[in-house]
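Engineer: Numbering-wise, numbering that gives the first Met the number 0 puts 61 at position 62 of the sequence shown, and it's gapless, one number per residue. Here it is, the structure in full.
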Amino acid sequence: MAMFRETVSLSHDGAMKALSAGMAPASAMGVPQCFVVVDASGETIASLRMDGARYLSMHTARAK
Numbered sequence: 000m001a002m003f004r005e006t007v008s009l010s011h012d013g014a015m016k017a018l019s020a021g022m023a024p025a026s027a028m029g030v031p032q033c034f035v036v037v038d039a040s041g042e043t044i045a046s047l048r049m050d051g052a053r054y055l056s057m058h059t060a061r062a063k
């Protein structure tokens, strides 16, 4: 049995690209959204609240 296990983690650049990927269709539809990117342990590494997104939407995005 192996004593160590390799893991892959999302970089800061990858997290920013994920936010941009979510923002593009939301902008195109004219529906402001909130986005949260987390790591494998569930810790936030990036988040975004688009202009016009509802205040409580950020809370909902974090809870997902």
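Where a beta carbon is used, it is the ideal one built from N, C-alpha and C, also for glycine.
Tell me the residue span of the alpha helix (DSSP H) that contains Leu65.
Structural biologist: This structure gives no information on residue 65, because the portion of the chain shown stretches from 0 to 63.
Engineer: Can you name the start and end residues of the beta strand (DSSP E) that Thr43 belongs to?
Structural biologist: Stepping through the sequence shown from its first residue, residue 43 is reached at position 44. Where Thr43 is concerned, the enclosing beta strand (DSSP E) stretches over 43 to 48.
Engineer: Whose C-beta lies closer than 8 angstroms to the C-beta of Thr6 among residues of the same chain, with five residues either side of it excluded?
Structural biologist: By 1-based counting over the sequence shown, the position of residue 6 is 7. For Thr6, where only same-chain residues beyond five positions count, the Cβ hits under 8 angstroms are Ala39.
Engineer: What are the residues that DSSP puts in a beta bridge with Val37?
Structural biologist: Taking the first residue of the sequence shown as 1, we reach residue 37 at position 38. DSSP, once it has assigned bridges, lists Thr43 as partnering Val37.
Engineer: Give the straight-line distance between the Cα atoms of Ser10 and Gly21, rounded to the nearest whole angstrom.
Structural biologist: For the purposes of this step, residue 10 is taken as residue 11 along the sequence shown, with counting starting at 1. For the purposes of this step, residue 21 is taken as residue 22 along the sequence shown, with counting starting at 1. Approximately 17 angstroms between the Cα atoms of the pair.
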